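So the structure is just underneath, and the comments pick up after that.
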Ligand SMILES: Cc1ncc(C[n+]2csc(CCOP(=O)(O)OP(=O)(O)O)c2C)c(N)n1
Ligand SMILES: Cc1ncc(C[n+]2csc(CCOP(=O)(O)OP(=O)(O)O)c2C)c(N)n1
Ligand code: SF4
Ligand code: SF4
Ligand code: SF4
Ligand code: SF4
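Residue numbers (my numbering), protein chains in the order written: chain P, 3 to 70; chain G, 3 to 70; chain X, -5 to 266; chain Y, -5 to 266; chain R, 172 to 543; chain V, 172 to 543; chain S, 2 to 180; chain E, 2 to 180.
Printed below as a string of structure tokens:
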């Protein structure tokens, strides 16, 4: 089906330092801050796989995988 | 008299190291080497005051003065 | 999905860099660029000096060497002279490479020895607490510029070109994909390659200059970045304070060790 | 007739340089240029490093300082920071200023501190016996290049410009009057001035390269000198091995110590 | 009584230096000394002085030698790696007899070592780091107030003897905060102004072995070089001149040890056990000594403030009377080894620790009791 | 018997080094060491090695540390001013335990001093020049043939102990010509090749206190740093690790003094007067000793070849039996002062000279006679 | 009398400043003798960063901790690392919610309050938690008077932030008085 | 037997090479022990540049001059400077015309010939005066055989100049035999 792609957002909280870059750059706000400002998934369906979060995360803490 | 200028060639043999630059660059060969290759006046009348020798002498050993 | 764990010493993570520090973004770009080269990890040699950025060598699963402040390039030069088959990458900072290490930088560029230098330019000495570096912009504050900074900055790209580097490029952490591409181009060059990446240090630079968060700093960098193509259409006054990005030189000249082997060793009758 | 004795320590002559060494020609040009400035001798400060050329400071009747190999420029920087009213001239060699002293050279240029650097470029390390320098031309011989030299050379003019110098010129000993003029222009510039003078060392360079006499070497230099204006009309291939002469940059930017005094001291409320 | 300020050691160093007349600082940052540069950047332009951050440590020390020769009291500050880089120019300063101060805030070495850890590992380097035979003056205070006053003394000694002075501190001292009473009555030796006939002026003409060198730009156009030189400042590498020059340079310091030397003696007079220690570590020795005294043990502390020249005579004297000499250092025993030159080896007990922590009073006490 | 060559000291140094396996030289010229670089530029490319003239001495030593870590035996050569500049990186070599050789052909110092004059002024610097506590190996031959063989031993020691070795020469030795028999039967310790499982490899795992570090690019991707580090090579600045690391680095050298130490004893056995001297100066002592012996005076010569660690035990032993110990040096008495640590001060007579000339046999003889 | 205090935490929490303020307060405004020393890791941020304060009636010789009389811990590791350095009846002050206190020896005199939370409450940021903690410490130990602390705070915090920090101190002091 | 020779001159005259050739000749080709040491000033050119050669049947300890048995002087200062270093009946060889010998003690065995002139005569350049002098020295002292010297010359002069230098040596040797 050539429909909308779906993605998995993997966040490694052991690495995340709560810098906020990923969700600042997320264009759809699929991710956002948790109570300690670390990355957390807000609405996985909104993820369009642009990889902005992955590009900017300085801590290898977030990965986007396309669901197959 | 607006005639030909005349010059004095002063050579300081205590400073001269016999490099030969002055007489190599002298266009009229007013100066030339002595037996130990130091500068010596060959024909003072030939000097045209171009100051080539003075410019190139690395040893402050030769000076050209205009006769007044 | 890119598998960073292939190239990283995962047991050393999280790294020591501050939250949001651009160093991590650059390290990522470098790793992706190296991956594109398809090199055997054993053939890759990562060398760094001293500074926050220079800690990068501790995280990559290559041969790695953390040297002295400013001296990464001469160490790397010796490695290349000893093992020309190694792919030698230098991770360094603006202080490391252009303050104390400035001489080594220009001489390696002159020789055109095959090193790829990825220069993390955060415009400050991060590790020692925010003293001004040779690239701190005028008018900004640093711990040793409490009244505002007066030194003119190096244009590192100009410096590298004036010294004879054969590949020279500049990008920023605001454009990770471009940076990755430039690093990749640099790695492909057989000779001295310099990729300057303008980066953010909100801890030591930003906080003193009204940019408290990594995001603010990266956006400040983005706001000043102008591509080389665009810059050519702009007036000098408009370009003041701007960061011109792009590949500035990409040319082929004999590489140093190759020249040594093909000329000196041949003449001496050595060879191997 | 120019009275050199006004500026020289006559009791120190003859100097230690070899017969026909270009250093003497440059020293003469420098003295004449200084004379044109009409400065009080007490206000002139001559600083040098180590090398044949750096012995120049011993012969001039100014305040004079013979420092360490490569370090003339930072010593001079300290002098200028201490006494901005002194007219500080640096006499240095290609090895002194661009090998071991390369970093100081580019940083002083970057700062645009008011030093006039007269760089005696004889393309070799004279004093230590003829090892190659960063400007030894490729293919020539040196005591450490017994099979012919492979290093690309620095273009010192490019290096100074890439670093931010505000006055940059090159002449040769084959053209003493031009040299004198350029030094004079450099002295007039309030900021960092570099005058490179290509010179002859037949003892350590010439004799190894089929040029036994000072005259032969100076003529070799002359044969390679091309004025900037002429060079602009020539093809890159034609320019290979040539020495392009002329004034390459002459511009006005705030001088370092003046900037310090007018900005930092003012803000700090110091001043004097 | 003067104003009391609560200061960091590095800050006191900068403030004291400015008080002593510092007007030019050229430096390069390095942990744990950077606050000295930062304070100078802040303080100097307020008093008409200038600060510059140079491109490296070599340039830094070169710049202050130039600054000093041109008449301005000058200083730089660094730590181990930078101090190593400064060695060549430090030797130049000694050879050309230029007054200036180099601060070395010691951290853990060798090499990059432990940048944020304290150590006393550069004491022997301060004596022998540069090549060739040369005399050295090195001071090492124990507290923030002493830092303030000793840095002033460092400048005074530099001016008086025309000799670079090495000012040792350690990471603990540099980063420590304590109160300092800023007294008004401090002697400051000003930079000499020399006058004379330029045509006959000899910058290295001596008065009691100390050269009478002027400042550049004040009318006497003299020459300075790092080569051996004669009275006129011009090169002279004749054997006689070399021998004479080095002998005189040593004499200049050795014959003034009464002025240069300084130490503190506390605790029991002529003690059975003498504790020897320098810098912050000595404070631990002092606490231990008090406790030992309280317990009725005859113990005293000898603390050199001037580390080089080492106060050998006095320490030898005290050691003759003591049963044991316990030398306590945050290094492998550099001074303990040095003391073997003049203290009976059987008496010396070296207590050393290199784990980035000061040796505690408790350890000192138990070692002292163990050896008596 | 091998071929006999007539060689300059500097040349023998280069030839011996190449024989020992030198294949990379990074250097910067300086009188009186430059011939070593020049010979390496000529010799190395003939045997598939490489030479580079770096931009300064710091770059030179940095380059050879890199070269050595990448598996190539490496060396640099310099003189006082350059040796001072190399101190920081020399400390790195000691800390990171990298085998290489640094030659210092001593000239007159301090500072630029007397570039073409001999001296023995850098002996203490060789011990203490870099910051922080650190062990040192330094050798110092007396003749051209000994230079050839000792430089080979320097490389062997470097490889065996993974330690930079300082090779001292002096201007006289560097520029002197003598014949050398090039023997065939010389032991060369090759660079170790280490194999293992990359995922578990620890470059600083020890065997008798000596790290088992591989070469870069041979399949074990390890990390090297100048920070204190653990067995895996990664930073570890815990107090325990620092203490352990430095203690072990010292042990590595101290416990192998039987292999590292080397000296020569000539003249009367258990002499009344013991002449102590190193390098070319010792040859003058030997001539003096022969003359004294001829005159029936009980005299002997003790000549350390390994200067650091100093052969203290043996010299102490010999000194106990001697009435006087005459220590002869072209410096202000650096070793004489060192010897006070283990020789009764009353026995020590220091004979020193700094006029750029060797102390002659005549002076030694007359001093010896004067003190007996 | 020699009183030893450990202010422990990680980089960025401001425990070095906190110790400096305490020591300065004791020294300049209470006319006691005091010394503050520090410990910090080589990391730019996030490593250990703490300080030690000695307050005494006499000049302080040894400037480090022998046995601490009090510990203010803003991080779990900062508590655990120092348990062995404490007097058996030392005062232990911790940031409630951030630091948990299972298995703490009974002999310690433990008190806690949510310093970080309080800071967020007052200034919407966690930054002043150290000052809140100092206020709390001042109240529970009475080692340093609040007045002296407030003078030292004004002298040490960045210009413009004085009032906020004084408010944070007072909030902490209040929490302490009611603890 | 220990024989000490001074080859003295100024930079550029080649007296360092001259000594090296003599010492190598003695060592490699005459199987004696020999050492050559040098002295040169810091000037690039024109300063003192000379060498000392010790030849002995036994290994040479002290490599410098105690009392020289012979002096070859190519400059006036090179003669005068060394008079005090000579044995009272030392051989003194000088370049006639360049060096004058007034007031020389009678005990010396003086011989001279115009080395520079001879060099100019043979090769139109003064450069080989040192080799001429060596030939002369070899003939008058018989310390080193001409064959050994010639081997050492071939080994030490720049490639291509061997024959000219041998000719210079022989010219000097002839002058010496007839001196
Ligand atoms: C010889 C020496 N001098 C100074 C230092 C202190 N030092 C460590 S890192 C650094 C500057 C770092 O700046 P940069 O290279 O820009 O790296 P960053 O930390 O900003 O990434 C300095 C001055 C040192 N370690 N060694
Ligand atoms: C630290 C140090 N390294 C090396 C030297 C040796 N040295 C003296 S002059 C010189 C090079 C001189 O070259 P250059 O500056 O070009 O001057 P020139 O003699 O050619 O005029 C060198 C390497 C030194 N004196 N100090
Ligand atoms: S960018 Fe990375 S470190 Fe930053 S908040 Fe997102 S996941 Fe965490
Ligand atoms: S140029 Fe000068 S030194 Fe050369 S020969 Fe002429 S006068 Fe003599
Ligand atoms: S101090 Fe700056 S450069 Fe260093 S890790 Fe933190 S943000 Fe990055
Ligand atoms: S060696 Fe060369 S540079 Fe030096 S004085 Fe002689 S000719 Fe001039």
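Just so it is clear, CB atoms sit at the ideal spot from N, CA and C, and this is done for glycine as well.
All of these numbers come straight from a predicted model, not from anything done at the bench.
Residues near residue i in its chain [Cβ-Cβ closer than 6 Å; skip 5 each side]
i                      : result
residue 3 of chain P   : With a pLDDT of 43 at residue 3 of chain P, under the threshold of 50, the modelled position of this residue cannot be trusted, and the question is left open.
residue 188 of chain V : 246, 322
residue 25 of chain E  : 153
residue 163 of chain S : 155
residue 132 of chain Y : 143
Cut-off 8 Å between Cβ atoms - residues of its own chain near residue i, not counting five sequence neighbours on either side
i                      : result
residue 464 of chain V : 438, 439, 470
residue 396 of chain V : 267, 404, 405, 406
residue 543 of chain R : 443, 444, 468, 494, 495
Per DSSP, the bridge partner or partners of residue i
i                      : result
residue 58 of chain X  : X:40, V:394
residue 545 of chain R : As shown, chain R starts at 172 and ends at 543. That puts residue 545 of chain R outside it, with no answer to give.
residue 65 of chain P  : P:12
residue 117 of chain X : In DSSP, residue 117 of chain X forms no bridge with anything.
residue 126 of chain Y : Y:118
residue 1 of chain Y   : Beta-bridge pairing links residue 1 of chain Y to no other residue.
residue 239 of chain X : X:221
residue 178 of chain R : R:349
Outcome for residue i when other beta-carbon atoms lying within 10 angstroms are tallied against a minimum of 16
i                      : result
residue 359 of chain V : exposed
residue 260 of chain X : exposed
residue 326 of chain V : buried
residue 298 of chain V : buried
Residues within the stretch 100 to 119 of chain Y neighbouring chain X, beta-carbon criterion of under 7 Å: 100, 101, 104, 105, 106
Please identify, using Cβ separations under 8 Å, the residues of the stretch 241 to 263 of chain R that lie next to chain Y, in order along the chain. 241, 242, 243, 245, 259, 260, 263
Distance cut 5 Å, beta-carbon to ligand 4 heavy atom: residue list by chain order: G:18, G:19, G:21, G:23, G:24, G:41, G:59, G:61, G:63, G:64
Quick one: which residues of the stretch 175 to 199 of chain V get their C-beta closer than 9 Å to a C-beta of chain Y? List them in chain order. 198, 199
Using a Cβ-Cβ cut-off of less than 7 Å, list which residues of the stretch 14 to 42 of chain S approach chain R; keep chain order. 21, 24, 25, 28, 29, 36, 37, 38, 39, 41, 42
Please list, in chain order, the residues of the stretch 276 to 307 of chain V that have any C-beta partner in chain Y closer than 7 Å. 283
Residues of the stretch 204 to 230 of chain R with Cβ closer than 9 Å to any Cβ of chain Y, in chain order: 212, 213, 214, 215, 216, 217, 218, 219, 220, 221, 222, 223, 225, 226, 227, 229, 230
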